[in-house]
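Asker: Numbering (UniProt numbering), first residue to last: 1 to 321.
From the three backbone atoms N, C-alpha and C, an ideal C-beta is built for every residue, glycine too.
Dropping a structure here in structure tokens format, bear with me for questions.
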């Protein structure tokens, strides 16, 4: 059995496409899911905490658990304080998976990962796009590749795992990756002016890539793919010998998502994050029921139509201002 754990993906505009559904069908759905966002925005958000929130505490059985966390962004004071408030007792036999975007600066990255390693028996990590930003490093790194190597060296010194390993009965496989705009094969939304990828995505300005790995070129995604090849034999060994597999990355389809996120993002999220992260995904077996987020059931109710390029009405009102 395999589970994919991922972090959040870089988002350009957060726009959503119109779907084909009757007015009655949409009204029924809106009353239970999406339409309430317009009402809640004017009042207090309803809290909907994950079902396995209690796993966040100490483990009475003493069995190893696996927790998931991403997008810590500890350059923000509130997020760094959240990390430092994590129990130094509860997780001593547990594993933590960190799926990228720890910090924008090397200094905060090292401090954050050291804090996490003090709390968990094993910590696994893959880099996210924000980890490779160079804009606040004061020329310390020639480019983002040099910074990547420095982060991996720091992980090695701290005892942070960046290669596949078996822990207990669980095979954990970090996957290095990077996005590319060719991954988006659907038509652009019509009727509004969407900024170009280069204008909308800060990675183009905050990462410093060597000329042969220009951001936006597929070569950068290939560069990270190649980093996984050295672990091919380990992949196969773990796949054959482990009862359970967990792969994780920062840029793959979202099966499990557990970002702490920016403080301002948590304020507009129904579930926040401070009260239920890190998320327990394995305790004597994989979590049998993952808790839904605000929009996670939307497309199970209304069929997706990639050919429809009209902007959804509950989003279009923001662009009409």
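(1) How about residue 105 and residue 83: are their beta carbons less than 8 Å apart?
(2) Is it true that the stretch 208 to 224 meets the stretch 150 to 158, where meeting means three or more beta-carbon pairs spaced less than 8 Å apart?
(3) Just to confirm the assignment, what range does the beta strand (DSSP E) spanning residue 73 have?
(4) Looking at the secondary structure, which residues open and close the beta strand (DSSP E) in which residue 126 lies?
(5) Nearest CA to the CA of residue 159: which residue from 179, 170, 116, 249?
(6) Compare the beta carbon distance of residue 176 and residue 228 with 8 Å and say whether it is the shorter of the two.
(7) Any idea what DSSP makes of residue 239, helix, strand or coil?
(8) Cβ atoms of residue 134 and residue 343: under 8 Å apart, would you say?
(9) With a 10 Å radius around its C-beta and 16 neighbouring C-beta atoms as the bar for buried, classify residue 190 as buried or exposed.
(10) Please tell me whether residue 98 and residue 124 are closer than 8 Å, where the distance is taken between their beta carbons.
(11) Would a C-beta distance cut-off of 8 Å place residue 107 and residue 62 closer than the cut-off?
(12) Just how far apart, CA to CA, sit residue 74 and residue 102?
(13) Check each candidate in 220, 247, 142, 192 and name the one with the smallest Cα separation from residue 338.
(14) Terminal residues of the continuous alpha helix (DSSP H) containing residue 152?
(15) Look at the Cβ atom of residue 126, then the Cβ atom of residue 164, and state whether they are nearer than 8 Å.
(16) Out of 132, 100, 91, 261, state which residue places its alpha-carbon closest to the alpha-carbon of residue 119.
(17) So what does DSSP say about residue 278, is it helix, strand or coil?
(18) Please name the residue or residues paired with residue 161 in a DSSP beta bridge.
(19) Suppose only complete runs of 4+ residues qualify. What are the alpha helix (DSSP H) ranges in the stretch 181 to 230, listed by chain order?
(20) By how many angstroms is the C-alpha of residue 69 removed from the C-alpha of residue 168?
(21) Which term fits residue 147, buried or exposed, when burial requires 16 or more other beta carbons within 10 angstroms of its beta carbon?
(22) Whole angstroms is fine: what's the gap from residue 85's alpha carbon to residue 79's?
(23) Going by the beta-carbon positions, is the gap between residue 131 and residue 100 smaller than 8 Å?
(24) Tell me which same chain residues have a C-beta within less than 6 Å of the C-beta of residue 22, skipping the five on either side of it?
(25) Give the C-beta separation of residue 136 and residue 283 to the nearest angstrom, bearing in mind that I take them to be a contact with Cβ-Cβ under 8 Å.
Answerer: According to the data block:
(1) When the beta-carbon positions are compared, residue 105 and residue 83 stay at least 8 Å from each other.
(2) Contact between the stretch 208 to 224 and the stretch 150 to 158 is absent, because fewer than three Cβ pairs lie under 8 Å.
(3) Neither: residue 73 is in no beta strand (DSSP E) and is coded neither H nor E.
(4) Per DSSP, residue 126 belongs to no beta strand (DSSP E) and is neither H nor E.
(5) Ranking 179, 170, 116, 249 by Cα distance to residue 159 puts 116 first.
(6) Remark: C-beta atoms of residue 176 and residue 228 approach each other more closely than 8 Å.
(7) Of the three classes helix, strand and coil, the one that applies to residue 239 here is helix, per DSSP.
(8) Missing from the structure shown is residue 343; the chain here goes from 1 to 321 and no further.
(9) By the neighbour-count rule (16 or more Cβ atoms within 10 Å), residue 190 is not buried but exposed.
(10) Closer than 8 Å, so yes.
(11) Residue 62 sits away from residue 107, with the two beta carbons spaced by 8 Å or more.
(12) So the two alpha carbons sit approximately 6 Å from each other.
(13) Outside the displayed span of the chain (1 to 321) sits residue 338, for which this structure offers no information.
(14) It spans 144 to 158 - the alpha helix (DSSP H) in which residue 152 sits, taken as one unbroken run.
(15) Result no, Cβ atoms of residue 126 and residue 164 do not sit closer than 8 Å.
(16) Per the Cα distances, 91.
(17) Reduced to three states, the DSSP call for residue 278 is coil.
(18) Beta-bridge pairing links residue 161 to 124.
(19) The DSSP assignment places complete alpha helix (DSSP H) segments of no fewer than 4 residues inside the stretch 181 to 230 at 197 to 200, 203 to 206, 218 to 229, in order along the chain.
(20) Separation of residue 168 and residue 69 (C-alpha to C-alpha, rounded to the nearest whole angstrom) is 20 Å.
(21) Buried: at least 16 other Cβ atoms inside 10 Å.
(22) Here the C-alpha atom of residue 85 lies approximately 10 Å from the C-alpha atom of residue 79.
(23) Yes. Within cutoff.
(24) Low local confidence applies: a pLDDT of 39 at residue 22 is under 50, so the model's placement there is unreliable, and no value is given.
(25) Actually they do not touch by this definition, with Cβ atoms about 38 Å apart.
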